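Presented below is the structure to which this report refers.
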């Protein structure tokens, strides 16, 4: 499979990111590592280049958002004549042999209309199935882009910076007449926010709640509203999906240990 990959870093832990990269780097022709951290982590470039000969590390001295880095990777992969691009978050990894299985499923199938492939990051919600399933949205991490079709979909929306970048792109895949396809039987090891204990305001029962960095509250709110009111051609199901995604703010607005920063942002 003629495939490159990109993983985007932000204040990474060298040991953890190295372990994650090792679950898929050998299955790629080229891996671009784009570091969005404002100040470079000491020793990271040598450590990452030592993992695999196909790695190219890029440090930018600034955080310009995930969408811009994805577009840069898309341009590089296209320029170097790759057919596919794997996109990964720094906190994501594959189980042993799953990345090879993932590629094999794509190669064996007749997926001429699929612009974006994805895998299962929430098996408690998306029940694993042997049959691939069309999806409204796919998350960035673990997705494989068919570069010849992505050219027709267009670039990732850099105005969004981070939150909803993957959702907005997924919506455009469908609006362009292509398909997002998920292999729910392949699971992605993926961290979604930080878990903190919280007591329900309705039942008063304690449970773990997912929260995000305070600045994310701003991007989730701004970008969600932008998609709802300014995005052309967003259908009812897409609008419903945006609202569902925005509901994750509830935990940040109630349970976040840095509540003042959440509201200030």
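Residue numbers (our numbering): 1 to 265. Even glycine gets a Cβ: it sits at the ideal position worked out from N, Cα and C. Since the model is a prediction, treat every value here as computed from it, not as a measurement.
So is residue i buried or exposed if we call it buried at 16+ other beta carbons inside 10 Å?
i	result
residue 128	exposed
residue 199	Residue confidence is low: residue 199 scores 46 on pLDDT, short of 50, so the model does not pin down where it sits. No coordinate-derived value is stated.
residue 142	buried
residue 163	buried
residue 172	buried
residue 69	buried
residue 145	buried
residue 33	buried
residue 147	buried
residue 39	exposed
residue 229	exposed
residue 118	buried
Hey, how far is the Cα of residue i from the Cα of residue j?
i	j	result
residue 178	residue 115	6 Å
residue 196	residue 80	For residue 196, the predicted structure reports a pLDDT of 47, less than 50, and the residue's modelled location is therefore unreliable. A value from the coordinates is still provided. Going by the C-alpha atoms only, they are around 44 Å apart.
residue 44	residue 223	32 Å
residue 14	residue 66	20 Å
residue 101	residue 53	22 Å
residue 260	residue 174	Any answer about residue 260 is weak, because its pLDDT of 49 lies below 50 and its placement is not dependable; what the coordinates show is given next. One C-alpha to the other measures close to 39 Å.
residue 86	residue 170	15 Å
residue 78	residue 30	12 Å
residue 50	residue 57	11 Å
residue 26	residue 240	39 Å
residue 112	residue 191	31 Å
residue 232	residue 160	15 Å
residue 237	residue 42	46 Å
residue 16	residue 95	15 Å
residue 247	residue 12	28 Å
Note down, in chain order, each residue of its chain lying with its Cβ closer than 7 Å to the Cβ of residue i, except the 5 sequence neighbours on either side.
i	result
residue 227	164, 168, 234 and 242
residue 28	3, 4, 5, 54 and 86
Quick check: residue i and residue j, are their CB atoms within less than 8 Å of each other?
i	j	result
residue 153	residue 176	yes
residue 220	residue 187	no
residue 7	residue 72	no
residue 21	residue 103	no
residue 60	residue 97	no
residue 106	residue 121	no
residue 37	residue 76	no
residue 47	residue 18	yes
residue 74	residue 150	yes
Kindly list the residues whose CB is nearer than 6 Å to the CB of residue i, restricted to its own chain and excluding five residues on each side of it in sequence; keep chain order.
i	result
residue 158	67 and 68
residue 93	20, 23 and 189
residue 156	67, 70, 71, 165 and 169
residue 99	24 and 27
Looking only at its own chain, which residues have a Cβ that is under 8 Å from the Cβ of residue i, when we skip the five neighbours before and after it?
i	result
residue 83	1, 2, 3, 146, 147 and 148
residue 63	10, 36, 37 and 38
residue 270	This structure does not reach residue 270, given that the chain is present from 1 up to 265, and the question cannot be answered.
(request) Inspect the CB distances between the region 130-139 and the region 172-190 and report whether three or more fall short of 8 Å. (result) Yes, the region 130-139 touches the region 172-190.
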